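What follows is a set of notes on a single structure, which appears directly below.
Residue numbers (the working numbering): 940 to 1004.
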């Protein structure tokens, strides 16, 4: 499960995913859903959740287009 937020001003899509890493195909599908054809992934780091009492990590991708 993931959610994608398109930030028009900065020409970015932020994809906040679950514990599993997303594949390139999944990222391409997300970008197409948001109306973006060409993009590059700038960050594929693991970030801990904002609330540390919930001990899970998620993947955060930023797609620049």
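Quick reminder that beta carbons are idealized off the backbone N, C-alpha and C, glycines included. Predicted, not measured: the structure shown is a model, and the values here were computed from it.
Cβ-Cβ distance between residue i and residue j below 8 angstroms
i, j, result
"residue 980", "residue 1004", "no"
"residue 966", "residue 1002", "yes"
"residue 952", "residue 971", "no"
"residue 999", "residue 955", "yes"
Residue i - containing beta strand (DSSP E), residue span
i, result
"residue 969", "Not the beta strand (DSSP E): residue 969 falls in the alpha helix (DSSP H), residues 963-972."
"residue 943", "942-946"
Cross-strand partners of residue i (DSSP beta bridge)
i, result
"residue 954", "943 and 1000"
"residue 980", "1002"
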